[in-house]
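Enquirer: This is the structure I have questions about; it appears just below.
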Amino acid sequence: MNTLSGLAHVYHIDNIDTDRIIPGKYTKTLELDDLAKHVLEDLDPEFSQRVQAGDILVAGHNFGCGSSREQAPLAIKAAGVSCVVARSFARIFYRNAINIGLPVVEAPEHVIENGQPVRVDLETGSVLNATTGQTFAATKMPETMARILKAGGLVNFLVKHGNYQ
Amino acid sequence: MPQTLAEKIISAHAGRTVSANEIAIVNVDAAMATDATAPFAIKAFRAMGGQKLWDAARFSLIIDHASPAPNERVANLHRLMREFAAETGCVFYEVGEGICHQLMAENGHARPGEIFVGADSHTSTLGALGAFAIGMGSTDLAGVMLTGQTWLKVPHSIRIELRGQLPNGITAKDVVLDLVRQVGADGANYQAIEFAGETIEHLTLASRMVLTNMAAEMGAKTGMVEASDLPLKADVDAVYAKRITLHVSRLRPMVSVPHAPDKVQPIDAVRGRKIHYAFIGSCTNARLEDLQAAAAVLKGYKLAPGVRLVIAPASKRVFNEALRDGTLEILSEAGATFITSGCGPCVGSHLGVPGDGEVVISSANRNFKGRMGNPNAEIYLASPAVVAASAVAGEIVEPSVVLADRMTR
């Protein structure tokens, strides 16, 4: 699965923190079904109803800052989002997303508006705005991360390889 | 080749000399997870085929985020942790023992020159002990539990030199809030922050932990302290991404205003703001010196009408010391109420949620919208002395005003 296509949900906001992605009060559980219902609710209460499977979340700088809660990328993935495109990511969120198999693409110069169809090429690391025809370069992911994502997350990766070597 | 603290520690654990930007696979010395992150970590560990920990004696599980359990769902997550600890022989800290980072520091789990991995974003706190301490998510931690290793990108480093003596009433919290203001929420992204300079020499470990704790609010990978009483020093001509010098003698008490930790202003800009709820707690500022600072302000006073002051000491040890030295009595007589040593109100999942339209002043580290469990409340962050003074005045005020008032009575 090297290319992902979907409609963009765009937030032209920097520093969307993990408390806004999924408030702490919903994280005290191992069940994931509820997370999808509450994702981004303090930022946009309608998001969880609007989002469709395969959609792409698009944001500004430092997406996912704050707490290390893995429920943040899990909630986004559970809601059906196939990929997050942001100008930059906070480091723990970026790693967590890769580890749970949610593709994250850092495209600092993206020009995408809400509702536009977007195509992300995970192999070349580029983002295409299918409405405007513009392509944006993405920061190259470290090799280890790319391998983990390709395996579908860290659990699959370590079951397969047993170690990081 | 001159190296930063991060480069030295990572090189020692990678088995080869590494520099900033390189990827290294490193041996991890110690790790921990809390009740917020352990359940997922245990689940992932099992899914990876994990049965035996890489080193049970160096792995700790702590109940601190929802302590004691507010409902049966959480109680069963706690039970899961107890069973895992019993089965694997890892270290386990029960309800009421304290906040994870405090316990790791008090009980010698993080040591100078070691690599410590914590499933909590404020793991950087332990950098005050000279360790390279990084926060990670649950699944990443499961990888450590299984292999005793992790991969990481050697960070660039920012060197912060603190000069001068802290004036009366100015604390490490005011210093770090000013730094968060300067650097910004992502100004230290992926970087390690080194805190050094003459000011550090005179800071207690508790105060040094305030600095490394809030490195997380600058986006940093970790924060570390360099001081003459710690074994490791960065090389004099090491290369840094940025160097910052802060003259602390010029600082005012600083306050983060809603709704971001890096929206920091001097107290002068927010004085007079009415508050309803004061909180002294969290891994940032709930140690003995913080409770003592609050008691020094509150002694002989009562809380302003309509104000509540909730205090969660950082650990049982802190609680017991404050009990013995009379600090708790002063705080309680003033009207403070005490809750379990743990994260409590800071993280919004359990205890001390603010009501709609309420204004909170807190000694914690984050004031994002909804952080304390209610997106319709506002949170200001400050030092424990400012929190205490504001609880007496019913509005944001600097401690010297309250202290001066006592002298004229």
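For the protein sequence lines, the chains are D and G, in the order given. Counting along the first sequence from 1, when you hit position 14 you're at 16 in this note's numbering, and nothing is skipped either side. Counting along the second sequence from 1, when you hit position 133 you're at 971 in this note's numbering, and nothing is skipped either side. Ideal Cβ placement from N, Cα and C applies to all residues, glycine included.
1) May I ask you to verify whether the stretch 74 to 82 of chain D touches the stretch 34 to 51 of chain D, counting CB pairs closer than 8 angstroms and requiring at least 3?
2) So within the stretch 1184 to 1243 of chain G, which uninterrupted alpha helix (DSSP H) runs reach at least 4 residues, ignoring any that extend past its ends?
3) What number of angstroms, rounded off, separates the C-alpha of Thr137 of chain D from the C-alpha of Ser1179 of chain G?
4) Would you report the Cα separation of Glu115 of chain D and Gly68 of chain D, rounded to the nearest angstrom?
5) What does Thr1246 of chain G touch in chain D if you count any residue whose Cβ is under 9 angstroms from its own?
6) Counting only Cβ pairs nearer than 8 angstroms, list the residues of chain D close to Gly1211 of chain G.
7) Using a Cβ-Cβ cutoff of 8 angstroms, what residues of the stretch 874 to 899 of chain G are near chain D? List them in chain order.
8) Check whether chain G comes within 7 angstroms of Glu72 of chain D, counting only Cβ atoms and requiring the distance to be less than that.
9) Is Phe65 of chain D a contact residue of the ligand SAH, with contact defined as CB to any heavy atom under 6 angstroms?
10) So, at 6 angstroms on beta carbons, what are the nonlocal neighbours of Ile15 of chain D in its own chain, with the 5 sequence-adjacent residues on each side left out?
11) Is there at least one Cβ from chain G nearer than 7 angstroms to Tyr13 of chain D's Cβ?
12) Check distances from the C-beta atoms of the stretch 1036 to 1064 of chain G to those of chain D and list, in chain order, the residues that come in under 7 angstroms.
13) Pull up the distance between the alpha-carbon of His947 of chain G and that of Val122 of chain D, whole angstroms please.
14) Hey, does Ile100 of chain D have any beta-carbon neighbour from chain G nearer than 7 angstroms?
15) Secondary structure at Ser1170 of chain G, three-state DSSP: helix, strand or coil?
16) Near Asp19 of chain D, which residues of its chain fall below 7 angstroms by C-beta distance, leaving aside the five closest residues on each side in sequence?
17) For the candidate residues G:Val1095, G:Ala943, G:Glu952, whose alpha-carbon lies nearest to that of Leu1015 of chain G?
18) Using only alpha-carbon positions, find the residue among D:Thr146, D:Val120, D:Tyr96, D:Gly155 that is nearest to Gly135 of chain D.
19) Could you tell me whether the stretch 137 to 156 of chain D touches the stretch 840 to 859 of chain G, where touching means 3 or more Cβ pairs closer than 8 angstroms?
20) According to DSSP, simplified to helix, strand and coil, what is Met1092 of chain G?
21) Identify each residue in the stretch 79 to 96 of chain D for which the Cβ-Cβ distance to at least one residue of chain G is less than 8 angstroms, and report them in chain order.
22) List the residues that DSSP assigns as beta-bridge partners of His11 of chain D.
23) From the DSSP secondary-structure annotation, give me the bridge partner or partners of Ser1045 of chain G.
24) Counting only Cβ-Cβ distances shorter than 9 angstroms, please list the residues of the stretch 845 to 874 of chain G near chain D, keeping chain order.
25) Decide if Glu108 of chain D is buried, meaning its Cβ has at least 16 other Cβ atoms within 10 Å, or exposed.
26) Check the Cβ of Ser976 of chain G against every Cβ in chain D and list those closer than 7 angstroms, keeping chain order.
27) Does the CB of Lys1207 of chain G have a neighbour CB from chain D at under 7 angstroms?
28) How would you list, in chain order, the residues of chain D whose beta-carbon sits under 8 angstroms from the beta-carbon of Asn1123 of chain G?
29) Let me know the secondary structure DSSP gives Gln1103 of chain G once reduced to three states.
30) Can you list the residues of chain D that Leu984 of chain G reaches, using a CB-CB cut of under 9 angstroms?
31) If contact is defined by three or more beta carbon pairs under 8 angstroms, each pair taking one atom from either stretch, is the stretch 901 to 908 of chain G in contact with the stretch 859 to 871 of chain G?
32) Pick out the complete beta strand (DSSP E) segments inside the stretch 927 to 974 of chain G, 3 residues or longer, and give them in chain order.
33) With distances taken Cα to Cα, identify the nearest neighbour of Ala1219 of chain G among G:Ala1229, G:Ala1231, G:Ile1234, G:Ile1199.
34) Hey, is the stretch 43 to 52 of chain D in contact with the stretch 93 to 100 of chain D, meaning 3+ C-beta pairs nearer than 8 angstroms?
35) Closer than 7 angstroms, CB to CB, is Asp1194 of chain G near chain D or not?
36) Identify which residue in D:Thr5, D:Val12, D:Pro25 has its Cα closest to the Cα of Phe1206 of chain G.
Expert: According to the structure data:
1) yes
2) 1222 to 1231
3) For the purposes of this step, residue 137 of chain D is taken as the residue at position 135 of the first sequence. For the purposes of this step, residue 1179 of chain G is taken as the residue at position 341 of the second sequence. If I take the Cα positions, the gap works out to 52 angstroms.
4) Here the question's residue 115 of chain D lines up with position 113 in the first sequence. Here the question's residue 68 of chain D lines up with position 66 in the first sequence. So the two alpha carbons sit approximately 26 angstroms from each other.
5) If you number the second sequence from 1, residue 1246 of chain G lands on position 408. In chain order: nothing, as chain D lies at least about 43 angstroms away.
6) As a first step, residue 1211 of chain G must be located in the second sequence, where it is residue number 373. Those within 8 angstroms of Gly1211 of chain G in chain D are Pro25, Gly26, Lys27.
7) Ala874, Thr875, Pro877, Phe878, Lys881, Ala882, Ala885, Met886, Gly887
8) Counted from its first residue, the first sequence places residue 72 of chain D at position 70. Interface residue, yes.
9) The ligand SAH is not part of this structure, which contains no ligands at all.
10) As a first step, residue 15 of chain D must be located in the first sequence, where it is residue number 13. Closer than 6 angstroms at Cβ, skipping near neighbours: Gly62.
11) Here residue 13 of chain D refers to the residue found at position 11 when the first sequence is read from its first residue. No, Tyr13 of chain D lies away from the interface with chain G (no Cβ there is under 7 angstroms from its Cβ).
12) Gly1057, Lys1059
13) To locate residue 947 of chain G, count along the second sequence from 1; it is residue 109. To locate residue 122 of chain D, count along the first sequence from 1; it is residue 120. Those two C-alpha atoms are separated by around 43 angstroms.
14) If you number the first sequence from 1, residue 100 of chain D lands on position 98. Ile100 of chain D does not count as touching chain G.
15) Start at 1 with the first residue of the second sequence, and residue 1170 of chain G comes out as number 332. Three-state DSSP puts Ser1170 of chain G in a helix.
16) Residue numbering aside, residue 19 of chain D sits at position 17 when the first sequence is read from its first letter. Correct list, in chain order: Cys67, Gly68.
17) Looking up residue 1015 of chain G in the second sequence gives position 177. Looking at the Cα atoms, G:Val1095 is the closest of the given residues.
18) Stepping through the first sequence from its first residue, residue 135 of chain D is reached at position 133. Among D:Thr146, D:Val120, D:Tyr96, D:Gly155, the Cα nearest to that of Gly135 of chain D is on D:Val120.
19) no
20) One-based indexing of the second sequence puts residue 1092 of chain G at position 254. Three-state result, Met1092 of chain G: strand.
21) Ser90, Ala92, Arg93, Ile94
22) Stepping through the first sequence from its first residue, residue 11 of chain D is reached at position 9. Answer by DSSP bridge pairing, in chain order: D:Leu59.
23) Along the second sequence, one-based indexing puts residue 1045 of chain G at 207. DSSP lists no partner for Ser1045 of chain G.
24) Ile861, Ile863, Asp873, Ala874
25) By one-based count along the first sequence, residue 108 of chain D stands at place 106. The residue in question, Glu108 of chain D, is buried, as its Cβ has 16 or more Cβ neighbours within 10 Å.
26) Residue mapping note: residue 976 of chain G aligns to position 138 of the second sequence, counting from 1. Chain D residues near Ser976 of chain G: Glu72.
27) As a first step, residue 1207 of chain G must be located in the second sequence, where it is residue number 369. So, interface residue.
28) For the purposes of this step, residue 1123 of chain G is taken as residue 285 along the second sequence, with counting starting at 1. Going along chain D, no residue has its Cβ under 8 angstroms from Asn1123 of chain G, so there is no contact; the nearest lies around 18 angstroms.
29) Walking along the second sequence from the start, residue 1103 of chain G turns up at place 265. In this structure, Gln1103 of chain G counts as strand in the three-state DSSP scheme.
30) Taking the second sequence and counting its residues from 1, one reaches residue 984 of chain G at position 146. In chain order: Leu160, Gly164, Asn165.
31) no
32) 929 to 931, 953 to 957, 970 to 973
33) Residue 1219 of chain G sits at position 381 when you count from the first residue of the second sequence. First, the amino acid is wrong: residue 1219 of chain G is Leu here, not Ala. Cα-wise, what sits closest to Leu1219 of chain G is G:Ile1199.
34) no
35) As a working mapping, residue 1194 of chain G is identified with position 356 in the second sequence. Chain D contact via Cβ: absent.
36) The sequence position of residue 1206 of chain G within the second sequence is 368, counting from 1. The candidate whose alpha carbon is nearest that of Phe1206 of chain G is D:Pro25.
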